[in-house]
Amino acid sequence: MGTDVFVSYAREDAPRIHELVGALEGKGWSVFWDHRIPAGQSWRSYIGKALDDTRRAIVVWSKASIASEFVLEEASRAKRRGILVPVRIDPVDPPLGFGEINAADLCGWHPSRSSPEFEQLVQDLEAVLAQRPSAGAPAPRPEPALTRPAAPPIGVAAPGALRRRALLLGGVAVGVVAIAATLFAMKSGPDLPAQPGGAGAVKPIGAGAVQPGGHAVATPVMDPGLITAVAKPVPIVLPPKSVREALDRYNYEIGWSGAQIGTPDKGFTRSAVTKVAWRTADLVEIELARPSYLRAAAGSHTLSGTWKDVDGHGDFSLEFVADYSRAEGWWNRGGLTQKYNMFLGRTMQ
Numbered sequence: 001m002g003t004d005v006f007v008s009y010a011r012e013d014a015p016r017i018h019e020l021v022g023a024l025e026g027k028g029w030s031v032f033w034d035h036r037i038p039a040g041q042s043w044r045s046y047i048g049k050a051l052d053d054t055r056r057a058i059v060v061w062s063k064a065s066i067a068s069e070f071v072l073e074e075a076s077r078a079k080r081r082g083i084l085v086p087v088r089i090d091p092v093d094p095p096l097g098f099g100e101i102n103a104a105d106l107c108g109w110h111p112s113r114s115s116p117e118f119e120q121l122v123q124d125l126e127a128v129l130a131q132r133p134s135a136g137a138p139a140p141r142p143e144p145a146l147t148r149p150a151a152p153p154i155g156v157a158a159p160g161a162l163r164r165r166a167l168l169l170g171g172v173a174v175g176v177v178a179i180a181a182t183l184f185a186m187k188s189g190p191d192l193p194a195q196p197g198g199a200g201a202v203k204p205i206g207a208g209a210v211q212p213g214g215h216a217v218a219t220p221v222m223d224p225g226l227i228t229a230v231a232k233p234v235p236i237v238l239p240p241k242s243v244r245e246a247l248d249r250y251n252y253e254i255g256w257s258g259a260q261i262g263t264p265d266k267g268f269t270r271s272a273v274t275k276v277a278w279r280t281a282d283l284v285e286i287e288l289a290r291p292s293y294l295r296a297a298a299g300s301h302t303l304s305g306t307w308k309d310v311d312g313h314g315d316f317s318l319e320f321v322a323d324y325s326r327a328e329g330w331w332n333r334g335g336l337t338q339k340y341n342m343f344l345g346r347t348m349q
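Numbering (the numbering used here), first residue to last: 1 to 349.
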């Protein structure tokens, strides 16, 4: 069974985190914060599982943690689950990709002193943790968005219709085999009495025809329209489900201009993406044909970080459209506050 609160922090901040954990446990909550990995277990099997099973994840931003890849990894996973609760214990800005979530300001907080900010944090946690899941039930998690399968092209039967048609054809085939077997048995049986039309002639079996022994046989009527060609279903290619999947699947080129946001562009400089390397689950390095690279954090539909090439360095932010075919945003150069137009577009495969 998971804990109420998971605390992500940099090892250098352990003494201060110990005080925060004590205050949270004093509210009656169970807290996971010991990041020592037992012998025989990995980060994914121990800490990763604890993070997946917790109900809320407090990520503590400090001078040390904003540069910690482990903290960024844990923060990204908590953000994806919708359980991230950021807290600042140093006057720092959150890493790129996490600034849109308001962080509780606990700079200078101490458990021996009254703190409106800490009390507000407790109230925010109580609003969620007071809703205890039923015994034996896992903590609620946000459900993934349901994607409606694309309709098959005109003229191509839907998969369900194909199954029904296949069953129908199977039944017709069984009937044909049965009729053939009956005819074969009759032909190979005892000689029938001679019929008009020649010695030993056999009257065709039809409606009302009589077999030896006097039993009437009704001939099954087969509708030729039931036997139709079964079209093979056309594979449906679904769009990517994440920025990571899009960058790994598609070829992109990046374009940028010197025109500030809101002003007419005078032409974009373009360069193809030549390499995509993931450092963690959500941290990526992108190399371009023009000698330059981008380092960024990937959100559900965002990519934000820093860039560097022969002309300088700075930061950028891009937001993808729903199918990840294109992203638009801005870039600027280090030390400047102007934001310029930038895009990332899918190219032909």
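For glycine and all other residues, C-beta sits at the position ideal for the given N, C-alpha and C.
DSSP lists Val273, Ser292 as the bridge partner or partners of Leu288. Under a 10 Å Cβ-count criterion, Gly329 is classified as buried, with 16 or more other Cβ atoms of the shown protein chains found around its own Cβ. In this chain, Pro95 is not harboured by any alpha helix (DSSP H), its DSSP state being neither H nor E. Apart from the 5 residues on each side of it in sequence, Val21 sits with its Cβ closer than 8 Å to the Cβ of Val7, Val31, Trp33 in its chain, given in chain order.
With contacts defined by Cβ atoms closer than 7 Å, Val60 and Val85 do not form a contacting pair. Ile101 carries a coil assignment under DSSP once its states are collapsed to helix, strand and coil. For Gly345, the three-state secondary structure derived from DSSP is strand.
When the alpha-carbon of Leu318 is set against those of Arg333, Ile254, Thr269, Val310, the nearest one is in Ile254. Straight-line measurement puts the Cα of Gly28 at about 35 Å from the Cα of Ala297. In this chain, Ser242 is not harboured by any beta strand (DSSP E), its DSSP state being neither H nor E. Excluding five sequence positions before and after Ala277, the CB atoms of its chain that fall closer than 6 Å to its own CB belong to Glu285, given in chain order. With a cut-off of 8 Å on Cβ pairs, the segment 309 to 316 is not in contact with the segment 235 to 252, counting fewer than three such pairs.
Of Ile83, Ile89, Cys107, the smallest CA-CA separation from Ile101 is found for Ile83. The alpha-carbon separation between Thr280 and Tyr9 amounts to approximately 17 Å.
A residue is called buried when at least 16 other Cβ atoms come within 10 angstroms of its Cβ; Lys275 does not meet this threshold and is exposed. Just so you know, the alpha carbons of Ser62 and Leu129 end up roughly 25 Å apart. Here DSSP, grouped into helix, strand and coil, assigns Val60 to strand. From the listed residues His110, Thr54, Lys49, the smallest Cα separation to Ile17 is found for His110. Looking at the DSSP output, Tyr340 bridges to Gln260, Trp331. Less than 7 Å separates the beta-carbon of Asn341 from that of Ala259. For the set Ser325, Arg11, Val273, Gly26, the Cα lying nearest the Cα of Val5 is the one of Gly26. A residue is called buried once 16 or more other Cβ atoms fall within 10 Å of its Cβ, and Val71 is buried on that count. Counting only the Cα atoms, Leu303 lies some 8 Å from Val243. Annotation: the continuous beta strand (DSSP E) that includes Pro86 extends over 84 to 88. Beta-bridge pairing by DSSP links Phe32 to Phe6. Its Cα nearest to that of Glu74, the residue Ala50 stands out among Gln123, Thr269, Ala50.
Residue pairing of Ser65 in beta bridges, as defined by DSSP: absent, with no partner found. Here DSSP, grouped into helix, strand and coil, assigns Asp309 to strand. For Ile236, DSSP assigns no beta-bridge partner whatsoever.
Secondary-structure assignment with DSSP links Trp278 through a beta bridge to Val284. Judged by DSSP secondary structure, Arg113 falls outside any alpha helix (DSSP H); it is assigned neither H nor E. In the structure shown, the three-state DSSP call for Gly48 is helix. Annotation for Thr306: Leu96, Leu294, Arg295, Ala296, His313, Gly314, Asp315, Phe316 place their beta carbon closer than 8 Å to its own, counting only its chain and skipping 5 residues before and after.
The beta carbon of Asp105 is closer than 7 Å to those of Arg88, Glu117 in its chain, skipping five residues each way along the sequence. For Ala246 and Gly2, the gap between their C-alpha atoms comes out near 32 Å.
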